[in-house]
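Enquirer: Be aware that the sequence shown starts at 30, since it is given in my numbering, and climbs by one per residue. Cβ coordinates follow ideal geometry from the N, Cα and C atoms, glycine included.
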Amino acid sequence: MMTQDVQVELKQNVLRALSTVTDPELDEPITDLGFVKELSVSDEGRVSLDLVTSTFWCSPNFVYMMLEEARDVVAKLDGITEVHVHLEGHHDSERINGGINARKSFSECYPTEASGDLEEITRMIRTRVLRSRLSSMVSAMSRAGVAPAELLGASRRDVVADGEGFIVNLGDRSQPISDPVDARRIARYLSFLDGLGRADGPLIIWDLEGKTPEPHEMDSVLALSRSAKSNFSLNAELCRALLESRLNREEP
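1) Looking only at DSSP bridge pairs, what is GLU67 linked to?
2) Residues in the same chain with beta-carbon distance under 7 Å from GLU54, minus the five sequence neighbours each way, listed in chain order, please.
3) Would you mind working out which of GLY127, ARG45 and LEU39 sits nearest ASP107, comparing C-alpha positions?
4) Give a yes or no on whether the C-beta atoms belonging to ALA283 and VAL112 are separated by under 7 Å.
5) Going by C-alpha distance, which of MET166, ILE206 and ARG202 is nearest ALA173?
6) For the segment 115-129 against the segment 73-90, are there 3 or more C-beta pairs whose distance is under 8 Å?
7) Going by C-alpha to C-alpha distance, which of ILE129, PHE85 and ASP72 sits closest to GLU97?
8) Under 8 Å, with one C-beta from each stretch per pair, do the segment 217-234 and the segment 176-189 reach the 3-pair mark?
9) Under DSSP, the beta strand (DSSP E) around ILE215 begins and ends at which residues?
10) To which residues does DSSP link SER184 through a beta bridge?
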């Protein structure tokens with residue numbers, strides 16, 4: 030049986046892990062969106078996680094992806110022996126909860142609904158995430174004095190972690206990034222690159238295959254990236270408002 034201090038620390042570790050899980054359609058952490066309603070950790074390391082979505086009719090495929098990731102990142106933590114996920118207030122929560130806790134894939138839980146279309150939709154959303162994070166990263170670099178044109182010739186390895194910030198090596202100079210908000214934006218883009226297996230490739234890519242834009246394409250690439258970011262931001266704000274309204278209605 031763990032001590033209370035260990036239990037508290039483990040709960041904090043769980044929350045940190047959950048902060049890396051994003052809503053696939055919003056590219057915002059579920060912890061920031063308010064989707065984590067209740068979290069408990071037992072003396073034996075069993076985690077009970079209650080989640081909620083913004084509306085009753087959220088798409089089951091994306092909800093399933095989100096819950097799968099939440100379950101898996103928590104299960105990987107040291108000291109965790111079991112993870113039980115409970116989704117509240119969704120039109121198909123019983124089916125989703127059963128599948129997630131039985132460790133079924135989406136296609137196993139929804140054999141008639143799953144199709145190649147889900148893979149294509151997932152790919153489309155991941156491309157939008159890449160472009161949105163690219164926009165945030167380039168803006169953060171610009172505020173630190175690194176022009177977009179300079180980034181075209183840089184590699185992923187040229188951006189090096191430095192404490193809570195980064196150092197950008199640009200050949201003839203090195204530029205520190207110390208602002209914590211901008212450092213987080215850069216870190217999110219880099220983590221996406223690394224997740225694509227492109228830690229040794231160019232810093233600026235435009236699609237999931239790793240295409241780098243030509244210099245004359247950079248302005249249009251950044252314009253489309255800003256559009257992707259704006260779309261995510263607006264949807265996230267709407268989602269927060271819907272969730273707040275929903276939770277207020279549920280209060281006794």
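Expert: Considering the structure as presented:
1) The residue you call residue 67 lines up with position 38 of the sequence shown. The partner list for GLU67 (beta bridge, DSSP) reads ASP79.
2) Taking the sequence shown and counting its residues from 1, one reaches residue 54 at position 25. Closer than 7 Å at Cβ, skipping near neighbours: PHE91, ILE154 and ASN264.
3) The residue you call residue 107 lines up with position 78 of the sequence shown. Checking every option, the nearest Cα to that of ASP107 belongs to LEU39.
4) Residue 283 falls outside the range modelled here, since the chain spans only 30 to 281, and no answer is possible.
5) For this step, residue 173 is matched to residue 144 along the sequence shown. Nearest of MET166, ILE206 and ARG202 to ALA173, Cα basis: ILE206.
6) At 8 Å Cβ cutoff, the stretches touch.
7) Indexing the sequence shown from 1 puts residue 97 at position 68. Selected option, being the one with the closest Cα: ILE129.
8) Two segments are said to touch when three or more pairs of C-beta atoms, one from each, lie closer than 8 Å; by this definition the segment 217-234 touches the segment 176-189.
9) Looking up residue 215 in the sequence shown gives position 186. In this chain, ILE215 is not harboured by any beta strand (DSSP E); it is covered by the alpha helix (DSSP H) spanning 209-224.
10) Within the sequence shown, residue 184 is the residue found at index 155, counting from 1. Listed as beta-bridge partners of SER184 by DSSP are PRO231.
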